[in-house]
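S.K.: What follows is a single structure, and I will ask about it in a moment.
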Amino acid sequence: MLSFLGMLIFNSVGKSVRHGNSFGLATMVAVSLFFWCTSSAGAAGFALMQQGTAAMGQGNAFVAEANDASAIFYNPAGLNQIKRAQVYQGSFFNYPDREYSGGGQDSQTNHRLYRSLTAYIAIPVHDRVALGLGFFSPFGMGTVWPPTWAGRYITTFSSLHTYNLNPVISVKVLDNLSLAAGFDVLWSKVRLKRKTPVVVRGRAFPDGETEFTGEGSGAGYNLGLHYEPLTGVKLGVAYRSQIKVNHHGGFTSSLPVPLPGGVATSAEGAIVYPPSLTMGISYSRFKPFTFEFDTTWTGWSSYAKSKVNLNPPMLATGIPTTTLTTPKNWHDAWAFRFGANYEVNEWMKLRAGYIYDLTPVPDTSFDPQVPDANRHIFTVGQDLKIMRFTIGIAYNYILSESRTKNNTIVTNGVPALLQANGRYNSDVHSLGLSWSFQF
Numbered sequence: 093m094l095s096f097l098g099m100l101i102f103n104s105v106g107k108s109v110r111h112g113n114s115f116g117l118a119t120m121v122a123v124s125l126f127f128w129c130t131s132s133a134g135a136a137g138f139a140l141m142q143q144g145t146a147a148m149g150q151g152n153a154f155v156a157e158a159n160d161a162s163a164i165f166y167n168p169a170g171l172n173q174i175k176r177a178q179v180y181q182g183s184f185f186n187y188p189d190r191e192y193s194g195g196g197q198d199s200q201t202n203h204r205l206y207r208s209l210t211a212y213i214a215i216p217v218h219d220r221v222a223l224g225l226g227f228f229s230p231f232g233m234g235t236v237w238p239p240t241w242a243g244r245y246i247t248t249f250s251s252l253h254t255y256n257l258n259p260v261i262s263v264k265v266l267d268n269l270s271l272a273a274g275f276d277v278l279w280s281k282v283r284l285k286r287k288t289p290v291v292v293r294g295r296a297f298p299d300g301e302t303e304f305t306g307e308g309s310g311a312g313y314n315l316g317l318h319y320e321p322l323t324g325v326k327l328g329v330a331y332r333s334q335i336k337v338n339h340h341g342g343f344t345s346s347l348p349v350p351l352p353g354g355v356a357t358s359a360e361g362a363i364v365y366p367p368s369l370t371m372g373i374s375y376s377r378f379k380p381f382t383f384e385f386d387t388t389w390t391g392w393s394s395y396a397k398s399k400v401n402l403n404p405p406m407l408a409t410g411i412p413t414t415t416l417t418t419p420k421n422w423h424d425a426w427a428f429r430f431g432a433n434y435e436v437n438e439w440m441k442l443r444a445g446y447i448y449d450l451t452p453v454p455d456t457s458f459d460p461q462v463p464d465a466n467r468h469i470f471t472v473g474q475d476l477k478i479m480r481f482t483i484g485i486a487y488n489y490i491l492s493e494s495r496t497k498n499n500t501i502v503t504n505g506v507p508a509l510l511q512a513n514g515r516y517n518s519d520v521h522s523l524g525l526s527w528s529f530q531f
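First residue of the sequence shown: 93, per the working numbering; consecutive thereafter.
Rendered as structure tokens:
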């Protein structure tokens, strides 16, 4: 099948160059799209939990504490603990390093710094009612492999950006119980690149390149519960719904010099961002220590397949192709978060934590877009209060377990030309900085 597919692409390109028709080039582009849709939704691990430095410093175990404006993301029911209006801004920097070894070749992703921002406003409007507005990036990824690496016909570049606007309201229904609800408006943009082989009349040319871009928006909701059954014992529950985003964009294919031609067409595909449920407990009866434990379920099984619609259809072997489907079969996954903070004095607090994050990606659909695996995350952080300002800093070291790819990625039953099977290792350095002001 691989040999047949390669001949199909090479012969089609040759015909398009020799005879000036578009059929052969269209065939190459259609087959190229088969491989694009395998990663149109990114890869496992593209949920971003670093949305506040207090949470980030203590293993993101924060759903029951939730006592600053970042509670809008972690658990909006915690907003009733804030007695004065508060503004909060955070910046987060991620520096990933991913390595591949297989078939006698070694490759490493380009070193890049990825940045995300958060902004929150929390306003208590009544003794029992608090309002909040959050702006943050709940999902994101970025991977840049060298243009000549062993998996260049699967992926060389991928990026996913999301921006979410989240107004919330929290109501204290009892003196020790608060309930909250919010509305999410999510904007999403994806960009993907890969190389394509080009052979004309038996002569090999430098690789061509294909690129897909798309963007769209969707809506969802979030809920929260915050309960303090005993002084110093807090329970928290937070739920975020799935959000479906239909991405509309374009697909382009370019040939290397001196070959003429290129193809551009419209394409669209949906990403279903998964629902999540977080439950946790905060225990602060051993002052000045506070201990936290959270567990999060994420419904990645919503990503059973990747599907891309083409308009107008592309011709592959003379047959119009309108839909490209790739099985993914991700499964729901859990993360376990442990954290603690130590109040040195009323102006300073130290934080530390650990996370064990299970991958939702099965061996059958593991790919190098973002080679995900079970992760061990070690965290530290500190808060410093200066009058009405609070300055926060947090650091995470994210170590992924080594994982071997030994599968075949297929779309519409057609395998990718190169599979890049081998060993993958990843780690990420993550830094968070924040400031907040209480009026």
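Every residue, glycine too, gets a C-beta built ideally from N, C-alpha and C.
Please classify Gly514 as buried or exposed, where buried requires at least 16 other C-beta atoms within 10 Å of its C-beta.
M.R.: Position 422 of the sequence shown, counted from the first residue, corresponds to residue 514. With 16 or more other Cβ atoms within 10 Å, it is buried.
S.K.: Which term fits Gln142, buried or exposed, when burial requires 16 or more other beta carbons within 10 angstroms of its beta carbon?
M.R.: For this step, residue 142 is matched to residue 50 along the sequence shown. It is buried - the Cβ of Gln142 has at least 16 other Cβ atoms within 10 Å.
S.K.: Kindly indicate which residue of Tyr245, Gly226, Ser345 has the alpha-carbon position closest to the one of Val502.
M.R.: For the purposes of this step, residue 502 is taken as residue 410 along the sequence shown, with counting starting at 1. Answer by Cα proximity: Tyr245.
S.K.: To which residues of the same chain is Ser124 closer than 7 Å at the C-beta, ignoring the five residues directly before and after it?
M.R.: As a first step, residue 124 must be located in the sequence shown, where it is residue number 32. With a pLDDT of 38 at Ser124, under the threshold of 50, the predicted position of this residue should be treated as unreliable, though the coordinate-derived value follows. Result list for Ser124: Thr288, Thr302, Ser345, in chain order.
S.K.: Mind checking Ile174: buried by the 16 CB within 10 Å criterion, or exposed?
M.R.: Numbered from its first residue, the sequence shown carries residue 174 at position 82. When all chains shown are included, Ile174 counts as buried.
S.K.: Return helix, strand or coil for Asp455, following the three-state DSSP convention.
M.R.: Your numbering for residue 455 matches position 363 in the sequence shown. Of the three classes helix, strand and coil, the one that applies to Asp455 here is helix, per DSSP.
S.K.: Contact between the segment 273-283 and the segment 309-326: three or more CB pairs below 8 Å?
M.R.: Segments in contact, yes.
S.K.: Going by Cα to Cα distance, which pick from Thr388, Tyr487, Phe249, Gly144 is closest to Gly226?
M.R.: Here residue 226 refers to the residue found at position 134 when the sequence shown is read from its first residue. Of Thr388, Tyr487, Phe249, Gly144, the residue nearest in Cα terms is Gly144.
S.K.: Taking the alpha-carbon positions, what's the Ala47 to Ala146 distance?
M.R.: There is no way to answer for residue 47, as the model of the chain reaches only from 93 to 531.
S.K.: Taking the beta carbon of Gln38 as the centre, do at least 16 other beta carbons fall within 10 Å, making it buried, or is it exposed?
M.R.: Residue 38 cannot be examined here, being either before or after the span of the chain that is shown, 93 to 531.
S.K.: Give me whichever residues DSSP pairs with Ile261 in a beta bridge.
M.R.: In the sequence shown, residue 261 corresponds to position 169, counting from 1. In the DSSP output, where bridge partners are listed per residue, Ile261 has Leu223, Ala273.
S.K.: Hey, Glu157 and Thr415 are a contact pair by Cβ (cut 8 Å); roughly how many whole angstroms apart?
M.R.: Position 65 of the sequence shown, counted from the start, is the residue given in the question as residue 157. Position 323 of the sequence shown, counted from the start, is the residue given in the question as residue 415. Their Cβ separation, rounded to whole angstroms, is 47 Å, which puts Glu157 and Thr415 out of contact at 8 Å.
S.K.: According to DSSP, is Met141 helix, strand or coil?
M.R.: Here residue 141 is taken as the residue at index 49 of the sequence shown, counted from 1. Residue state, collapsed to three classes: coil.
S.K.: Assign Gln511 to one of two classes, buried (16 or more other C-beta atoms within 10 Å of its C-beta) or exposed (fewer than that).
M.R.: Counting from 1 along the sequence shown, the entry for residue 511 is found at position 419. With 16 or more other Cβ atoms within 10 Å, it is buried.
S.K.: DSSP on Phe378, reduced to helix/strand/coil?
M.R.: In the sequence shown, residue 378 corresponds to position 286, counting from 1. The answer is coil: DSSP assigns Phe378 none of H, G, I, E or B.
S.K.: Apart from the five residues on each side of it in sequence, which residues of its chain come closer than 6 Å, Cβ to Cβ, to Glu493?
M.R.: Position 401 of the sequence shown, counting from 1, holds the residue named residue 493. Result list for Glu493: Ala465, Asn466, in chain order.
S.K.: Helix, strand or coil for Ser108? Go by DSSP, reduced to three states.
M.R.: Taking the sequence shown and counting its residues from 1, the one referred to as residue 108 is at position 16. Annotation note: pLDDT 39 at Ser108 (below 50); position unreliable, coordinate value reported separately. Ser108 falls in the helix class under three-state DSSP.
S.K.: Distance check for Thr305 and Tyr395, CA to CA, integer angstroms please.
M.R.: Stepping through the sequence shown from its first residue, residue 395 is reached at position 303. Stepping through the sequence shown from its first residue, residue 305 is reached at position 213. Taking the straight line joining both Cα atoms gives about 20 Å.
S.K.: Can you tell me whether Met479 is buried or exposed? The criterion is at least 16 other CB atoms within 10 Å of its CB, across all chains shown.
M.R.: For the purposes of this step, residue 479 is taken as the residue at position 387 of the sequence shown. By the neighbour-count rule (16 or more Cβ atoms within 10 Å), Met479 is not buried but exposed.
S.K.: Would you call the segment 447-459 and the segment 161-169 in contact, with 3 or more CB pairs under 8 Å?
M.R.: These segments do not touch.
S.K.: Measuring only the C-alpha atoms, how far is Phe138 from Asp219?
M.R.: Taking the sequence shown and counting its residues from 1, the one referred to as residue 138 is at position 46. Taking the sequence shown and counting its residues from 1, the one referred to as residue 219 is at position 127. Straight-line Cα distance between these residues: approximately 38 Å.
S.K.: Please classify Asn152: does DSSP put it in a helix, a strand, or coil?
M.R.: Here the question's residue 152 lines up with position 60 in the sequence shown. Of the three classes helix, strand and coil, the one that applies to Asn152 here is coil, per DSSP.
S.K.: CA-CA distance, Val217 and Ala330?
M.R.: Locating residue 217 in the sequence shown gives position 125, where the first residue counts as 1. Locating residue 330 in the sequence shown gives position 238, where the first residue counts as 1. Cα-Cα distance, rounded: 22 Å.
S.K.: Under the DSSP definition of a beta bridge, which residues are partnered with His423?
M.R.: For the purposes of this step, residue 423 is taken as the residue at position 331 of the sequence shown. Paired residues: none, contrary to the question.
S.K.: Do the CB positions of Ser270 and Asn172 come within less than 7 Å of each other?
M.R.: Along the sequence shown, read from residue 1 onward, the residue named residue 270 stands at position 178. Along the sequence shown, read from residue 1 onward, the residue named residue 172 stands at position 80. Cβ atoms of Ser270 and Asn172: closer than 7 Å.
S.K.: Cα-Cα, which of Asn186, Ile447, Phe385 is closest to Ser374?
M.R.: Mapped onto the sequence shown, residue 374 falls at position 282. Measuring from the Cα of Ser374, the nearest candidate turns out to be Phe385.
S.K.: State yes or no: is the C-beta of Pro366 within less than 7 Å of the C-beta of Trp392?
M.R.: In the sequence shown, the residue the question calls residue 366 occupies position 274. In the sequence shown, the residue the question calls residue 392 occupies position 300. Yes, Cβ-Cβ distance for Pro366 and Trp392 is below 7 Å.
S.K.: Do Thr471 and Asn488 have their beta-carbon atoms positioned less than 7 Å apart in this structure?
M.R.: Along the sequence shown, one-based indexing puts residue 488 at 396. Along the sequence shown, one-based indexing puts residue 471 at 379. Yes, they are a contact pair.
S.K.: How big is the Cα-Cα spacing for Lys326 and Ser522?
M.R.: Taking the first residue of the sequence shown as 1, we reach residue 326 at position 234. Taking the first residue of the sequence shown as 1, we reach residue 522 at position 430. Whole-angstrom Cα-Cα distance: 28 Å.
S.K.: How about Ala425 and Pro452: do their beta carbons lie closer than 7 Å?
M.R.: As a working mapping, residue 425 is identified with position 333 in the sequence shown. As a working mapping, residue 452 is identified with position 360 in the sequence shown. It is a contact, given that the beta carbons lie within the stated cut-off.
S.K.: Taking only three categories from DSSP, how would you classify Trp392?
M.R.: Indexing the sequence shown from 1 puts residue 392 at position 300. Of the three classes helix, strand and coil, the one that applies to Trp392 here is helix, per DSSP.
S.K.: Based on Cα-Cα distance, which residue from Glu435, Glu438, Thr496 lies nearest to Pro463?
M.R.: Numbered from its first residue, the sequence shown carries residue 463 at position 371. When only C-alpha atoms are compared, the closest one is Thr496.
S.K.: According to the neighbour-count rule (16 or more other Cβ atoms, all chains shown, within 10 Å of its Cβ), is Val59 buried or exposed?
M.R.: Nothing about residue 59 can be reported from this structure: the residues present for the chain run from 93 to 531 only.
S.K.: To the nearest angstrom, how far is the alpha carbon of Thr418 from that of Gly232?
M.R.: In the sequence shown, counting from the first residue as 1, residue 418 sits at position 326. In the sequence shown, counting from the first residue as 1, residue 232 sits at position 140. Roughly 21 Å between the two C-alpha positions.
S.K.: DSSP three-state label for Gln173, please.
M.R.: In the sequence shown, counting from the first residue as 1, residue 173 sits at position 81. Helix at Gln173.
S.K.: Check this for me: beta carbons of Leu209 and Ser183, under 7 Å apart or not?
M.R.: The residue you call residue 209 lines up with position 117 of the sequence shown. The residue you call residue 183 lines up with position 91 of the sequence shown. Their beta carbons are under 7 Å apart, which means Leu209 touches Ser183 by this criterion.
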